Each structure stands twice: as C-alpha cells, then as structure tokens.
Amino acid sequence: MRIVVLTGAGISAESGLRTFRDSGGLWEGHDVDAVATPEGFERDPDLVLRFYDDRRRAAATADPNPAHRALARLERALGDDFLVVTQNVDDLHERAGSVRLMHMHGELNRALCRACAARPEWHADLLDRPACPACGERTLRPDVVWFGEMPYGLDVIGDAVVSCDIFVSIGTSGAVYPAAGYVALAAAYGARTVELNLEPSDADVPFDEVWSGLASVVVPRWVDRFIVRDTR
Ligand code: BV8
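In our numbering, the protein residues as written are 7 to 238.
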C-alpha cells in the first residue's frame with residue numbers, strides 16, 4: 007500500500023506558523039510579488055532577506071503538532087511505501103521524525119549561493135550578507151522556490167504520485183502549481199484521493215474522501231484508523 011502525502015501551510019497553522027491565504031495570513035502587508043519572486047528580490051533584497059529571516063526565527067520557536075507526529079508514525083508503519091511532499095519551508099516534519107520527506111518549495115534552514123550554487127544548511131540571518139561557506143562570496147539568498155522558479159524534486163515526486171495507491175492532501179488550498187495538480191494526476195493513475203483540511207479546498211477534481219477539521223485532530227484520527235485497518 008503506497009501512500010503519498012502532500013502538505014501545505016495548514017498543517018503548521020496550529021504550531022503557530024501563519025498560512026498564506028487565511029485572514030491575517032503571511033502575505034498580509036507583503037505583496038507576493040515583493041517577497042516571493044526573483045524580481046522582488048532584485049528590486050529590494052533587504053525586504054526579502056528580512057522577510058525570510060523573520061520566518062526562520064518564527065519556525066525555530068514553533069513546535070511540531072500532533073498532525074506532524076501522526077505522519078511520522080505512519081512512516082514508521084509503512085517504511086519505503088510512504089512519502090511526504092511538503093510545500094512548507096519550515097522544518098516541523100523533520101522535527102516530528104519524518105525522514106522520507108521532499109521540500110518541493112525549499113527550506114528556511116538552507117541558503118542558496120547565487121555565485122556558486124552551494125546549498126548550505128543555514129540557521130542564521132541572511133540580512134547582514136554573511137559569506138558563503140563554499141566560495142566566500144556574500145551572495146547567499148534563502149533556498150526557497152519563488153513564483154516562476156522551478157520547484158525541487160519534480161521527477162521523484164511525479165514518479166511517486168503516479169505509482170501511489172492513496173494520495174492524501176493535508177492543509178493546502180490547492181492554489182499553487184504544480185503542487186495543486188498532483189491530486190488530479192494521482193486520480194488519473196487510479197489512486198484513491200483523500201483530503202484532510204479545515205474546509206474542503208477547491209481542487210480541480212473532487213477527492214474520494216474528505217475529512218474536515220483541524221489537522222491536529224483529523225490527521226491523527228485518519229492515520230490511526232488507517233494503521234489499524236490497513237496494515238493488518
Ligand atoms: C513553476 C515558497 C515553472 C516560498 C511558495 C505565471 C508565471 C510563472 C508561473 C506561473 C504563472 N501562473 C501560474 C504559475 C505557476 C505558479 C502558480 O501556481 N501561481 C499561482 C499563484 C497561480 N507556480 C510557480 O511559479 C511554481 N513554479 O511553475 O515553475 C515550472 C513548473 C513545472 C514545470 C515546468 C516549469 C513555484 C511556486 C512556488 C512558490 N513558492 N512557497 C515561501 O514559502 O515563502 S508557494 C507557497 O504558497 C507555499 O509553498 C504553498 O505552495 C502556497 C500556499 O499554499 P498553501 O500551503 O495551500 O497555504 P494556504 O494558506 O493557501 O492554504 C492553507 C490551507 O490550510 C487552507 O485550505 C486552509 O483551509 C487550511 N488550514 C488552515 N488552518 C488549518 C488548515 N487545515 C487544517 N488544520 C488547520 N489548523
């Protein structure tokens with residue numbers, strides 16, 4: 007039984023990290039184009055570096071919640087037949103114990119050197135232009151995928167999506183592509199599709215199974231029922 011789980015900002019909401027589109031969301035006070043595009047970075051690098059420094063600090067003080075921990079439990083039950091693909095750039099999945107994890111939109115705790123393309127793990131601020139550990143140039147940016155940039159791991163993710171038996175979408179509004187297209191791709195290859203979300207998202211194709219509620223409640227419930235019923 008192969009399962010692929012796609013997570014979005016909603017799974018980290020109860021850990022205190024704001025989502026993008028809910029009221030008071032992340033982009034509030036910040037135009038997406040200003041902080042999450044290469045053009046915005048070229049226009050005002052300090053604004054963008056400060057925006058991500060603030061989010062890196064916020065993520066460092068947040069804790070994984072029962073939804074993150076339930077997915078780590080499911081990975082322990084299924085092993086190689088399980089993969090989490092996250093749109094999130096926080097490290098709450100890792101800190102909950104997830105290992106089989108793809109950050110398709112990059113990570114706050116990694117930097118990208120514009121001079122040598124090194125991607126060092128990074129936990130400090132970038133605003134004061136620290137030197138790249140690999141080449142020494144002061145050309146580090148957040149290693150996150152901005153709009154118009156190529157997401158990471160699309161080949162691995164695509165292979166997993168077309169060969170899974172169950173595709174689970176958790177805490178995402180399904181607004182951003184190519185992530186938002188995975189549920190239709192999974193369904194086209196015969197997977198059962200499940201949505202665990204605060205409220206039903208406007209996905210291109212309807213999910214086979216929808217559980218509405220807080221991720222910290224519905225994700226452990228779905229995982230526990232699945233582990234009991236489907237790994238006998
Ligand atoms: C690409 C990292 C080419 C940075 C992010 C024109 C020009 C260029 C591209 C495009 C274009 N038009 C369209 C595109 C494609 C574009 C796109 O999709 N645009 C949208 C706006 C239409 N995509 C791209 O540019 C992507 N790259 O296309 O490259 C390409 C691709 C493939 C092949 C060839 C070429 C790159 C997009 C990546 C952008 N970077 N993040 C950062 O984090 O700062 S996107 C960012 O926003 C997230 O990563 C995530 O993907 C998205 C936010 O969505 P969600 O996670 O779903 O969060 P949201 O707030 O929307 O929803 C939260 C949900 O949780 C809600 O449903 C809510 O009800 C629920 N919820 C809330 N609380 C809870 C809860 N659920 C449960 N419990 C709770 N407590």
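The beta carbon of each residue, even a glycine, is placed where N, CA and C say it ideally should be. Keep in mind the model is a prediction, meaning the values are calculated, not measured.
Along the alpha helix (DSSP H) that carries residue i, what are the first and last residues, could you check?
i      : result
LEU160 : 160-168
ALA209 : It is not in any alpha helix (DSSP H) - ALA209 carries neither H nor E in the DSSP assignment.
ALA185 : No alpha helix (DSSP H) contains ALA185, which DSSP labels as neither H nor E.
ARG101 : 98-102
LEU38  : It is Val, not Leu, that sits at residue 38 in the sequence shown. Start and end: 38-41.
Which residue comes first and which comes last in the beta strand (DSSP E) that contains residue i?
i      : result
PHE47  : Unbroken run through PHE47 is the alpha helix (DSSP H), 44-49; no beta strand (DSSP E).
LEU132 : It is not in any beta strand (DSSP E) - LEU132 carries neither H nor E in the DSSP assignment.
Who are residue i's beta bridge partners in DSSP?
i      : result
SER218 : ASN203
GLU127 : ARG116
VAL10  : LEU89 and PHE173
ASP149 : GLU113
ARG198 : ILE172
MET156 : According to DSSP, MET156 bridges with nothing at all.
LEU80  : DSSP output for LEU80 lists no bridge partner at all.
LEU107 : VAL90
Assuming the contact rule is C-beta atoms closer than 8 Å, residue i and residue j should be a hit. Round their C-beta distance to whole Å, please.
i      : j      : result
VAL168 : LEU191 : 6 Å
ARG147 : PHE232 : The Cβ separation is near 39 Å, so there is no contact.
VAL216 : PRO226 : No, VAL216 and PRO226 are not in contact; Cβ-Cβ is about 17 Å, not under 8 Å.
ASP149 : ASP59  : 14 Å between Cβ atoms; not a contact.
SER104 : GLU127 : Between GLU127 and SER104 the Cβ distance is about 17 Å, and since that is not below 8 Å, they are no contact.
SER18  : ASP96  : 6 Å
MET7   : ASP87  : 6 Å
THR178 : GLY16  : 6 Å
ALA194 : GLN93  : That pair is no contact at about 21 Å.
PHE213 : VAL200 : 6 Å
ALA197 : ASP171 : 6 Å
Does any heavy atom of ligand 1 sit closer than 8 Å to the C-beta of residue i?
i      : result
ILE163 : no
GLY16  : yes
HIS111 : yes
PRO136 : no
TYR158 : no
THR199 : no
TYR58  : yes
GLY219 : yes
ALA19  : yes
VAL41  : yes
TRP152 : yes
ASN115 : no
GLU155 : yes
ASP28  : yes
ALA194 : no
TYR183 : yes
ARG75  : no
GLY180 : yes
VAL25  : Checking the sequence, you will find Thr at residue 25 rather than Val. Yes - ligand 1 has a heavy atom lying nearer than 8 Å to the Cβ of THR25.
ARG63  : no
SER207 : yes
ILE176 : yes
VAL95  : yes
Got a sec: does ligand 2 put a non-hydrogen atom nearer than 8 Å to the Cβ of residue i?
i      : result
LEU204 : Judged by which ligands are present, ligand 2 is missing from the structure shown, whose ligands are ligand 1.
Open item on the list: Report the start-end ranges of each alpha helix (DSSP H) in the segment 49-78 that is 4 residues or longer and not cut off at the edges.
Closed with: Entirely contained in the segment 49-78, the alpha helix (DSSP H) runs reaching 4 residues are, in chain order, 51-67.
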